[in-house]
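Protein chains in written order, with this note's numbering: chain A, 93 to 209; chain B, 3 to 115.
For every residue, glycine included, the Cβ atom is placed at its ideal position computed from N, Cα and C.
Please read all numbers here as calculations on a predicted model, not as lab measurements.
Some notes on the structure that comes next.
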Amino acid sequence: ETGVTQTPRHLVMGMTNKKSLKCEQHLGHNAMYWYKQSAKKPLELMFVYNFKEQTENNSVPSRFSPECPNSSHLFLHLHTLQPEDSALYLCASSQDHPSGGPRNEQFFGPGTRLTVL
Amino acid sequence: KNQVEQSPQSLIILEGKNCTLQCNYTVSPFSNLRWYKQDTGRGPVSLTIMTFSENTKSNGRYTATLDADTKQSSLHITASQLSDSASYICVVSARSGDYKLSFGAGTTVTVRA
Chain A
93 ETGVTQTPRH LVMGMTNKKS LKCEQHLGHN AMYWYKQSAK KPLELMFVYN FKEQTENNSV
153 PSRFSPECPN SSHLFLHLHT LQPEDSALYL CASSQDHPSG GPRNEQFFGP GTRLTVL
Chain B
3 KNQVEQSPQS LIILEGKNCT LQCNYTVSPF SNLRWYKQDT GRGPVSLTIM TFSENTKSNG
63 RYTATLDADT KQSSLHITAS QLSDSASYIC VVSARSGDYK LSFGAGTTVT VRA
């Protein structure tokens, strides 16, 4: 596997289900991101992990719970979602400077198409 | 609030023709601007990146321009091919403490034979 992979590619779930999205990066990067992409809207940054520590949480509802067990893996745990949460969820990674500074190019996975019934 | 506006929202062109996509931003202070291409069912892939001092950058048949004074960028596609059918996203980075990225909503390009 190369680049950034995401599983599953498609997910249909009811509002009472619990599911998890998985992301793995094979690029040796130190930062990973979750984005939400809705039709005709800009990408919305959800969570950022630098060196496995969560550094950003952009006012995301608690029904989305991220987990970053190591610098190569990122999960997004989902529970009691709403129909408006249906979207494409993209994972990305980048190699950022430990002391901050401009963000380097982000490499994206193919996304998980989520449908909440 | 930093914003990125892209136009048109979508366009259809015939194979072999040229087209130009626009990106206007209010991000300040400015660090860099990237154009991404997102094929259907795929994640975005970076095409070009430009910093404040650069006003043009090419990647094959794609040429991006930047006017930092007017805060405008364009992406020109030359001699379009069917594989150019995709969404093109403009992303601007602020030169501030957290270097936040601001995303445009994208322009969907459809190339027809």
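- With its beta carbon less than 9 Å from one in chain B, F200(A) belongs to the interface.
- When C25(B), S87(B) and G62(B) are compared, the shortest CA-CA separation from D69(B) is found for C25(B).
- When 8 Å is used as the limit between beta carbons, E197(A) is near these residues of chain B: R36, S48 and I51, in chain order.
- Burial check for R63(B): the Cβ neighbour count within 10 Å stays below 16, so the residue is exposed.
- Taking the Cα positions, F139(A) is about 7 Å away from P158(A).
- Residue nearest to S55(B) within the set T67(B), G108(B) and L84(B) is T67(B) (criterion: CA-CA distance).
- Assignment of D41(B) by DSSP, reduced to helix, strand and coil, places it in the coil class.
- Contact between L23(B) and Q11(B) does not hold, since their C-beta atoms are separated by about 10 Å, which reaches or exceeds 8 Å.
- A check of alpha carbon separations from T109(B) across S33(B), S85(B), Y90(B) and I79(B) identifies Y90(B) as the nearest.
- Look at D86(B) here: in three-state DSSP terms it is helix.
- Nearest C-alpha to L13(B) among S82(B), T65(B) and K102(B): S82(B).
- Scanning the segment 133-163 of chain A from its first residue to its last, the whole beta strand (DSSP E) runs of 3-plus residues come out as 136-142, 145-149 and 156-162.
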